[in-house]
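Novice:
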Amino acid sequence: MDKLLISGGAQLQGSVSASGAKNAALPILAATLLASAPVTLTNVPRLRDITTTLELLRRLGADLSRENAADGSTQIVAQPTPLTNFAAPYELVKTMRASILVLGPLVARYGKADVSLPGGCAIGARPVTVHLDGLRALGADISVDGGYIRARAERLRGTRLVMEMVSVTGTENLLMAAVLAQGETVIENAAREPEIVDLADFLTTLGAKISGAGTAQIQIQGVNQLGGGTHRVMPDRIETGTFLVAAAMTGGRVRVTQTCPDCLDAVLRKLRDAGAVITTGADWIELDMQGQRPRAVDIHTAPHPAFPTDMQAQFCALNAIADGVGTVTEAIFENRFMHVPELQRMGADIRVEGNIAICRGIKQLTAAPVMATDLRASAGLVLAGLVATGETLIDRVYHLDRGYDNIEAKLRGLGAQIQRVK
Ligand code: EPZ
Numbered sequence: 011m012d013k014l015l016i017s018g019g020a021q022l023q024g025s026v027s028a029s030g031a032k033n034a035a036l037p038i039l040a041a042t043l044l045a046s047a048p049v050t051l052t053n054v055p056r057l058r059d060i061t062t063t064l065e066l067l068r069r070l071g072a073d074l075s076r077e078n079a080a081d082g083s084t085q086i087v088a089q090p091t092p093l094t095n096f097a098a099p100y101e102l103v104k105t106m107r108a109s110i111l112v113l114g115p116l117v118a119r120y121g122k123a124d125v126s127l128p129g130g131c132a133i134g135a136r137p138v139t140v141h142l143d144g145l146r147a148l149g150a151d152i153s154v155d156g157g158y159i160r161a162r163a164e165r166l167r168g169t170r171l172v173m174e175m176v177s178v179t180g181t182e183n184l185l186m187a188a189v190l191a192q193g194e195t196v197i198e199n200a201a202r203e204p205e206i207v208d209l210a211d212f213l214t215t216l217g218a219k220i221s222g223a224g225t226a227q228i229q230i231q232g233v234n235q236l237g238g239g240t241h242r243v244m245p246d247r248i249e250t251g252t253f254l255v256a257a258a259m260t261g262g263r264v265r266v267t268q269t270c271p272d273c274l275d276a277v278l279r280k281l282r283d284a285g286a287v288i289t290t291g292a293d294w295i296e297l298d299m300q301g302q303r304p305r306a307v308d309i310h311t312a313p314h315p316a317f318p319t320d321m322q323a324q325f326c327a328l329n330a331i332a333d334g335v336g337t338v339t340e341a342i343f344e345n346r347f348m349h350v351p352e353l354q355r356m357g358a359d360i361r362v363e364g365n366i367a368i369c370r371g372i373k374q375l376t377a378a379p380v381m382a383t384d385l386r387a388s389a390g391l392v393l394a395g396l397v398a399t400g401e402t403l404i405d406r407v408y409h410l411d412r413g414y415d416n417i418e419a420k421l422r423g424l425g426a427q428i429q430r431v432k
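As structure tokens, then:
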């Protein structure tokens with residue numbers, strides 16, 4: 011099992027490019043099931059979750075090939091082919107909850123799907139009620155039996171869906187289901203994440219008729235068939251934010267290129283509050299900390315465009331060494347502070363009360379052997395290791411590999427002392 015060994019203290023300097031967004035690539039890969047003509051996806055990140063998704067789609071009978079591109083990303087070509095299987099088995103779904111994203115496309119195009127309930131994960135119970143309620147409203151017959159969602163439908167019929175709560179993959183599943191439904195669908199209380207806009211752009215390229223993606227109300231006019239096309243996956247805003255926090259914590263100056271400056275407003279605002287000087291261009295963001303120690307900031311996670319929960323652990327790490335007391339309120343997931351006990355092992359003065367972490371910044375963390383528990387918690391531990399005195403050894407970095415494409419090489423390129431050890 012791989013580990014990361016980090017010697018803290020380097021001030022990060024230089025330029026790093028963002029990879030394609032994991033949370034855009036996953037729904038877009040599922041959406042290739044809807045295409046009746048060849049699809050080419052570019053800027054697909056090299057991640058474990060992408061590999062898992064390809065394996066799942068191939069199990070269904072899909073014909074997908076992946077090849078390396080010159081810029082270090084990968085390109086995926088999906089050839090239309092009749093599916094031979096409509097089941098997403100538990101042994102795959104339990105390794106990646108986002109497997110639930112094949113449900114909408116399978117029901118919309120083939121009228122059947124047997125998808126394992128994703129089950130909880132480290133950060134929470136993560137039910138999929140809004141996914142199932144929406145598909146029922148579109149006319150699917152949904153039953154849950156033996157841990158499996160069994161969905162059957164003739165042709166789905168468009169309708170007005172009011173989502174009981176804001177759900178990113180819930181919105182994505184229902185959007186993918188509605189594009190082939192008969193008539194118009196309106197999704198109210200839709201999630202507004204940029205990754206949903208990217209999915210809608212991809213579906214539109216295939217011939218779908220969608221308006222309002224990125225707002226709380228999405229209108230879809232169902233069509234009978236979708237074609238094919240080419241789509242470049244949007245940049246990963248969470249990877250981008252993670253590198254910017256690394257620069258802020260180490261007092262350095264880092265430019266993230268090939269990214270999306272306008273999809274991280276809430277994060278940039280908090281980094282400026284922490285004392286960073288931030289400039290942006292068409293596809294880059296530069297953070298200059300001018301050698302200063304960050305000031306503590308208060309964070310409250312909420313659906314986009316508010317502060318993203320996927321950046322919460324990174325800001326706990328920043329607050330751990332910041333000047334002052336910062337509170338971090340996690341309002342999306344019920345158990346997303348597992349990085350806190352690990353940060354405490356490094357000397358952080360953080361107290362968790364319910365869904366609020368009160369972080370009293372200290373000048374210096376101390377290296378310790380720590381363990382990653384979930385994707386973004388592990389990112390927070392890497393950031394802490396970058397500033398801790400001594401050598402931090404992070405175990406179970408397979409969590410990190412799910413969502414970060416070659417993070418140690420990218421951080422080494424910025425001057426960090428980090429290496430992967432077996
Ligand atoms: C997506 O998860 C992301 N995953 C998550 O990123 C991200 O943290 C999350 O959105 C919130 O932004 C992908 O896009 C693949 P939700 P998702 O449905 O869709 C509750 C990462 O690190 N809920 O928006 O599963 C749910 O339990 C991952 O890349 C219900 O109660 O999140 C959670 O508390 C982690 N019932 C909240 O809503 C439902 O039917 C938001 O969940 C659906 C959701």
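Under my numbering, the sequence shown has 246 at position 236, and the numbering climbs by one with no breaks.
Note that CB positions come from ideal geometry on N, CA and C, so glycine has one too.
For clarity, every value in this text was computed on a predicted model and none was experimentally measured.
1) State yes or no: is the C-beta of His-310 nearer than 7 Å to some heavy atom of the ligand EPZ?
2) Take Thr-311 and list the residues in its own chain whose beta-carbon comes closer than 6 Å to its own, dropping the five residues that flank it on each side.
3) Determine the extent of the beta strand (DSSP E) in which Met-381 is found, giving its start and end residues.
4) Determine whether the beta carbon atoms of Lys-219 and Val-233 lie at a separation below 8 Å.
5) With a threshold of 7 Å, establish whether the CB of Thr-179 neighbours any heavy atom of the ligand EPZ.
6) When the Cα atoms are used, what is the spatial distance from Ile-288 to Leu-70?
7) Quick one: complete alpha helix (DSSP H) runs, 4+ long, within the region 63-146?
8) Drop a sphere of 10 angstroms on the beta-carbon of Ala-363, count the other beta-carbons inside from all chains shown, and report buried for 16 or more, exposed for fewer.
9) Could you give the uninterrupted runs of the alpha helix (DSSP H) lying entirely in the region 370-411, keeping only those of 4 residues or more?
10) Am I right that Thr-511 and Thr-195 are in contact with their C-beta atoms under 8 Å? What's the rounded C-beta distance?
11) How close, in whole Å, do the beta carbons of Leu-190 and Ala-45 come, if the pair is a contact with beta carbons under 8 Å?
12) Could you please give me the residues that DSSP links to Gln-21 through a beta bridge?
13) At a cut-off of 7 Å, is Lys-104 close to the ligand EPZ when judged by its beta-carbon and the heavy atoms of the ligand?
14) With DSSP collapsed to three states, give me the class of Val-335.
15) Are there any heavy atoms of the ligand EPZ lying less than 7 Å away from the beta-carbon of Asn-33, as far as the coordinates show?
16) Drop a sphere of 10 angstroms on the beta-carbon of Pro-128, count the other beta-carbons inside from all chains shown, and report buried for 16 or more, exposed for fewer.
17) Where do the ends of the alpha helix (DSSP H) carrying His-349 lie?
18) So what does DSSP say about Gln-302, is it helix, strand or coil?
19) Mark Asp-59 as exposed unless 16 or more other C-beta atoms lie within 10 angstroms of its C-beta, in which case mark it buried.
Specialist: In this structure, then:
1) No, Cβ of His-310 sits at least 7 Å from all heavy atoms of the ligand EPZ.
2) Phe-317, Thr-319, Gln-322, Glu-340, Ala-341 and Ile-342
3) Secondary structure note for Met-381: its beta strand (DSSP E) is the uninterrupted segment 379-381.
4) Contact flag set, yes.
5) yes
6) 46 Å
7) 100-103 and 113-120
8) The residue you asked about is not Ala; residue 363 is Glu in the sequence shown. Counting Cβ neighbours within 10 Å, Glu-363 comes out exposed, since fewer than 16 surround it.
9) 385-397 and 408-411
10) This structure cannot settle anything about residue 511, because the visible part of the chain is limited to 11 through 432.
11) With a Cβ gap of about 11 Å, Leu-190 and Ala-45 do not count as contacting.
12) For Gln-21, which the question treats as bridged, DSSP gives no partner whatsoever.
13) no
14) strand
15) yes
16) buried
17) 349-355
18) In the structure shown, Gln-302 sits in coil (DSSP, three-state: anything other than H, G, I, E or B).
19) With 16 or more Cβ atoms within 10 Å of its Cβ, Asp-59 is classed as buried.
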